[in-house]
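Here the structure comes first, spelled out in structure tokens, and everything after it is commentary.
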Amino acid sequence: MNLLNRLIAFCEATGLTVLVPLIRLCRAEEPRTQFSALGRLVGLPLVGGLVFLALWSAAAANIHTSIGSLPGPTQVWNQAVGLVREHNAERRREKAFYARQAELRVRYEKAFPGRHWPARKYSGAPTYFDEILTSLETVFAGFLLASLIAVPIGVLCGLSKGFFNTVNPYVQLFRPVSPLAWLPIVMILVSALYTSKDPLFAKSFVSSAITVALCSLWPTLVNTAIGVGSIDPDHLNVARVLRLSWWVRLRKIVLPSALPYIFTGLRLSLSVGWMVLIAAEMLAQNPGLGKFVWDMFQNGSSQTLALIMVAVFTIGIIGFILDRLMLTLQQLVSYDRSANR
Amino acid sequence: MAFLELNGVSKNFGHASVLRGLDLHIERGEFVAIVGFSGSGKTTLINLLAGLLLPDAGTVRLDGRVVAGPGPDRGVVFQNYSLLPWLTVAENIALAVDSLFPSWTAARRSEHVDRHLAMVNLSAARDKLPRQLSGGMRQRVSVARALAMDPQVLLLDEPLSALDALTRGSLQSEIARIWAADRKTVVLITNDVDEGLLLADRIIPMTPGPGATLGPEIRVPLSRPRDRKELNHDAEFKRLRASITSWLLDAAARRKSAAPTRLPAPPALIPITLS
């Protein structure tokens, strides 16, 4: 019983509320209520999905483009399966390559004792899953950069009215700027400033990450400023009576109090960043989902549309998972604000 | 010179005069209750004593020194508890203890926290979060935090007004017990005449605001410890209660009759003080 209770708490914290009625059914708790909850949480979305698929199929059969008819759900599914197969095949080739290399190495070292074996890396094309991974790395690099800039500036904005008034007009000015406008500037600046013979990151990666950061830092900045600015004055009075130092006040009172707001901002930032990333990757030619879409578009084969649709669904699903993860974090750090009254 | 002194203290918020010409003299170890209606500026008065607000005219002195800001020598128990909701009960008190006694060893600080938790009968709730506690328990934590600061003066800002009658009664007895143990100087702000009579050495009524001021003080000669049940039949208690209540009601009536005519502000009243 206790285990089930804990399972329910876990599901609620992680946004897996769909499973809660199932768990409650397991211990026969008000079956009627649970079945109606299941209908609401599972049945209705299922109906929505079926309607969508039907409309899509109907539309697909009737729309013809220069590169064939609009692919229906089955074609898109087949392409997705194809991408998975391709990935597995590529991994097998890679494995075989390294196995062969290891064999060769043994023979080489026997033939030329004491000589250095010139190891080589496998140079196959990145698979779809490699592209996803690159995209995730880029978005998290940009998101991290954005958070490192936005949280401290947001805290300063919240703490000092003067600083807020100094910075606020420019925040409002730059906040609505599209990633497409930032990207060329960022690319030129990165080309000019990021000149290293042996760069740690590719230029296209740095440009994409910085563009993601520039577009996604605003929600965190604004929310942090609001969170810090709306601290209960009573809590600040406690700090004053105790004569807490600036640093202790920040650590023990200001930041914990603003944490729920900060995480709301981070959650918004990550979803904005994920959206911006695809555009940035397309234009910066950074490997990743965006470039995949762009390459497919340039490719113009009969499978193009279906592959792009696979990418669209992938982007959507990953965005959804990222948002759920952030929601869970957000719920973990929030406390009951009414508890103090 | 008295231990805690207000001389001619006035406080305005914008054009509104909240307190006007307050004089108050409190001796060391005295328990003084200030009784008044809601909205008469009682919280403003406690904020002035705490140094969270500074007067526009007059001075607040503690032990001869002018109060220029808040400090740990004046422990405040806020009306709404002001516990930090993300810290446990013990952590809330430890925040005060750690920042005020950095030279103590960790063991001594933790023992100090535990002792004050025991003083308010909350040892069992040590690791709970404020939201898991009832209103009365939260207020006990707040009292324990203020006491753990080992202040020279304890300022209680309507500490029990948000509680139900039964909880209020038991917390009143606890405050009386704790005060009797170490006789700190206490200023209690309350809207409950009975509470003042049960706890205080002296009761000072406050006129309704705006431009509130203090009325004539009333000494409470009732012997301690005071028992709430017995007091209800005590003739002296009844007489004191009647006289304070009627003073407050008269003051309110005067305010009401004066208000619509918008007379120019009367000169500051000089209350009777014995110091």
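From first to last, the protein sequence lines stand for chains X and G.
Each residue of the first sequence is one higher than the one before, counting from 1 in the working numbering.
Each residue of the second sequence is one higher than the one before, counting from 1001 in the working numbering.
For every residue, glycine included, the Cβ atom is placed at its ideal position computed from N, Cα and C.
This one's a predicted model, so the numbers in the text were calculated from it and none came from an experiment.
Sequence-distant residues of its chain with Cβ nearer than 8 Å to residue i (five each side left out)
| i | result |
| --- | --- |
| G/Glu1158 | Lys1042, Thr1043, Gln1079, Ile1189, Thr1190, Asn1191 |
| G/Ala1176 | Leu1198, Leu1199, Arg1224, Pro1225, Arg1226 |
| X/Ile226 | Gly158, Tyr261 |
| G/Leu1122 | Val1089, Met1137, Arg1140, Val1141, Ala1144 |
| X/Trp274 | Val139, Ile315, Ile318, Gly319, Leu322 |
| X/Ser147 | Leu217, Thr220, Leu266, Ser269 |
| G/Val1066 | Thr1059, Val1060 |
| G/Ile1178 | Met1119, Val1120, Val1143, Leu1147 |
| X/Glu94 | Tyr122, Gly124 |
| X/Asn5 | none |
Same chain only: Cβ atoms within 7 Å of residue i, ignoring 5 sequence neighbours per side
| i | result |
| --- | --- |
| X/Ser57 | Gly72, Pro73 |
| G/Asp1098 | Arg1109 |
| X/Met187 | Ser207, Ala284 |
| G/His1116 | Ile1093, Ala1144, Leu1147, Ala1148 |
| G/Ala1252 | Phe1037, Pro1208 |
| G/Gly1169 | Arg1228 |
| X/Arg100 | none |
| G/Asn1047 | Leu1053 |
Cut-off 6 Å between Cβ atoms - residues of its own chain near residue i, not counting five sequence neighbours on either side
| i | result |
| --- | --- |
| X/Ala239 | Arg249, Ile253 |
| G/Glu1217 | Arg1202, Ile1204 |
| G/Val1143 | Val1077, Val1120 |
| X/Pro199 | none |
| X/Arg337 | Residue confidence for X/Arg337 is low, a pLDDT of 48 falling below 50, so the modelled location carries little weight and cannot support an answer. |
| X/Tyr170 | none |
| X/Gly290 | Ile278, Glu281, Met282 |
| G/Gly1211 | Ser1017, Arg1020 |
| X/Thr134 | Pro287, Gly288 |
| X/Met326 | Arg267, Leu270 |
| X/Arg324 | Gly15 |
8 Å contact criterion, which residue i and residue j should meet: CB distance rounded
| i | j | result |
| --- | --- | --- |
| G/Leu1171 | G/Gly1135 | Actually they do not touch by this definition, with Cβ atoms about 10 Å apart. |
| G/Ile1026 | G/Val1187 | 7 Å |
| X/Val20 | X/Cys11 | 5 Å |
| X/Ala59 | X/Leu70 | 7 Å |
| X/Tyr345 | X/Phe97 | Nothing in the structure corresponds to residue 345 of chain X, since chain X is present only between 1 and 341. |
| X/Val212 | X/Val310 | Between X/Val310 and X/Val212 the Cβ distance is about 23 Å, and since that is not below 8 Å, they are no contact. |
| G/Gly1051 | G/Gly1071 | 6 Å |
| G/Gln1152 | G/Thr1185 | 7 Å |
| G/Arg1126 | G/Ala1090 | 5 Å |
| G/Leu1083 | G/Arg1140 | Contact flag wrong, Cβ pair sits at about 11 Å. |
| X/Ser216 | X/Ser269 | 4 Å |
Residue span of the alpha helix (DSSP H) that contains residue i, given as start and end
| i | result |
| --- | --- |
| X/Val177 | No alpha helix (DSSP H) contains X/Val177, which DSSP labels as neither H nor E. |
| X/Thr316 | What sits at residue 316 of chain X in the sequence shown is Gly, not Thr. Start and end: 304-333. |
| G/His1112 | 1106-1119 |
| X/Gly265 | 255-284 |
| G/Arg1074 | Where G/Arg1074 is concerned, there is no enclosing alpha helix (DSSP H), although the beta strand (DSSP E) it sits in stretches over 1074-1077. |
| G/Ile1178 | 1165-1182 |
| G/His1025 | Note, G/His1025: premise wrong, no alpha helix (DSSP H); beta strand (DSSP E) at 1016-1026. |
| X/Ala37 | 31-38 |
| G/Met1001 | Premise fails: G/Met1001 is in no alpha helix (DSSP H) and is neither H nor E. |
| X/Met296 | 289-299 |
| G/Asp1234 | It is not in any alpha helix (DSSP H) - G/Asp1234 carries neither H nor E in the DSSP assignment. |
| X/Phe231 | Reading the sequence as shown, one finds Ile at residue 231 of chain X and not Phe. X/Ile231 -> no alpha helix (DSSP H), and no H or E assigned at all. |
| G/Asn1047 | 1042-1050 |
| X/Ser147 | 128-159 |
| X/Leu53 | 44-62 |
| G/Gln1132 | Taken as a continuous stretch (DSSP letters only), G/Gln1132 belongs to no alpha helix (DSSP H), as it is neither H nor E. |
| G/Leu1083 | That residue, G/Leu1083, is in no alpha helix (DSSP H); it is neither H nor E in DSSP. |
Per DSSP, the bridge partner or partners of residue i
| i | result |
| --- | --- |
| G/Asn1007 | G/Thr1059 |
| G/Asp1157 | G/Ile1189 |
| X/Leu3 | None; X/Leu3 has no bridge partner. |
| X/Pro242 | Sequence inspection shows Leu at residue 242 of chain X; the Pro mentioned does not correspond to that position. Answer is none; X/Leu242 lacks a bridge partner. |
| G/Ala1212 | G/Leu1019 |
| X/Asn88 | For X/Asn88, which the question treats as bridged, DSSP gives no partner whatsoever. |
| G/Val1066 | G/Arg1061 |
| G/Arg1219 | G/Arg1202 |
| G/Asn1012 | G/Ser1017 |
Extent of the continuous beta strand (DSSP E) to which residue i belongs
| i | result |
| --- | --- |
| X/Ile67 | Taken as a continuous stretch (DSSP letters only), X/Ile67 belongs to no beta strand (DSSP E), as it is neither H nor E. |
| G/Pro1205 | 1202-1205 |
| G/Ala1096 | First-last for G/Ala1096: 1089-1100, but that is the alpha helix (DSSP H), not the beta strand (DSSP E). |
| X/Ala119 | Unbroken run through X/Ala119: none, as it is neither H nor E. |
| G/Ala1033 | 1031-1035 |
Any non-hydrogen atom of the ligand COA closer than 6 Å to residue i Cβ
| i | result |
| --- | --- |
| X/Asn299 | With respect to the ligand COA, the structure shown offers nothing to examine, as it has no ligands at all. |
Next on the checklist: Whether or not the segment 47-66 of chain X and the segment 285-296 of chain X are in contact is what I'm after, with contact meaning three or more pairs of Cβ atoms, one per stretch, closer than 8 Å; do they touch?
Outcome noted: In short, these stretches do not touch, since the Cβ pair count stays below three.
Item to check | Three or more C-beta pairs below 8 Å linking the segment 1002-1019 of chain G and the segment 1058-1071 of chain G | outcome: At 8 Å Cβ cutoff, the stretches touch.
Checklist entry - Are there three or more Cβ pairs, one per stretch, closer than 8 Å when the segment 97-113 of chain X is compared with the segment 141-156 of chain X? => result A contact is defined here as three or more CB-CB pairs under 8 Å, and the segment 97-113 of chain X fails this definition with respect to the segment 141-156 of chain X.
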